[in-house]
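> This note's numbering applies: residue 2 is where the sequence shown begins, and numbers increase by one.
Positions of the beta carbon are idealized from the N, C-alpha and C atoms, including for glycine.
Treat the numbers as computed from the prediction; the structure is a model and nothing was measured.
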Amino acid sequence: MKEILRLFLCYTISILFFTSTQATEVENGKILHNENCLRCHDVSKYTRKNRIIKNFQQLHERVKQCEIMAELIWFDEEIENVTAYLNLEFYKFDIEK
2 MKEILRLFLC
12 YTISILFFTS
22 TQATEVENGK
32 ILHNENCLRC
42 HDVSKYTRKN
52 RIIKNFQQLH
62 ERVKQCEIMA
72 ELIWFDEEIE
82 NVTAYLNLEF
92 YKFDIEK
């Protein structure tokens with residue numbers, strides 16, 4: 002019984018940590034997006050009916066391309082954060098890396 006309780010507690014803590022970490026990543030992505038991406042375009046690019054981005058992988062690749070074109074020199078983690086923010090806020094794709 003103690004073992005089950007211990008496992009449950011570990012599981013609960015790991016879920017809380019993961020959720021907190023994920024929220025931080027999305028918040029960091031939002032900050033990076035607002036400070037950098039909105040220099041070139043507004044959010045209407047993400048909400049138009051005929052979007053050219055059709056899945057999560059394409060979104061990730063587009064963020065990488067924009068980072069290069071804007072000469073931002075982001076770390077991979079920052080690209081991931083901006084991609085996560087855009088997906089959560091606008092695109093809502095299933096994550097299929």
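Are Asn56 and Phe94 closer than 7 Å when you measure CB to CB?
Start at 1 with the first residue of the sequence shown, and residue 56 comes out as number 55. Start at 1 with the first residue of the sequence shown, and residue 94 comes out as number 93. The answer is yes: Cβ separation under 7 Å.
> Of all the options Glu62, Ile74, Ala71 and Arg52, which has the alpha carbon lying nearest to the alpha carbon of Ala85?
Taking the first residue of the sequence shown as 1, we reach residue 85 at position 84. Answer by Cα proximity: Glu62.
> Report all residues from its chain with a CB closer than 6 Å to the CB of Lys65; omit the five preceding and five following residues, and keep chain order.
As a working note, residue 65 is residue 64 in the sequence shown. Cβ within range, chain order: Ile80.
> Below 8 Å on the Cβ atoms is my contact criterion, and I expect Asn82 with Glu4 to pass it. Report the Cβ-Cβ distance as a whole number of Å.
Sequence index remark: in the sequence shown, residue 82 carries index 81 (1-based). Sequence index remark: in the sequence shown, residue 4 carries index 3 (1-based). Actually they do not touch by this definition, with Cβ atoms about 37 Å apart.
> Near Cys67, what residues of its chain come up, given a Cβ to Cβ distance below 7 Å and the 5 sequence neighbours on each side ignored?
Against the sequence shown, residue 67 aligns to sequence position 66. Hits under 7 Å: Cys38.
> Can you look up Glu28 in the DSSP assignment and give me helix, strand or coil?
For the purposes of this step, residue 28 is taken as residue 27 along the sequence shown, with counting starting at 1. Three-state DSSP puts Glu28 in a helix.
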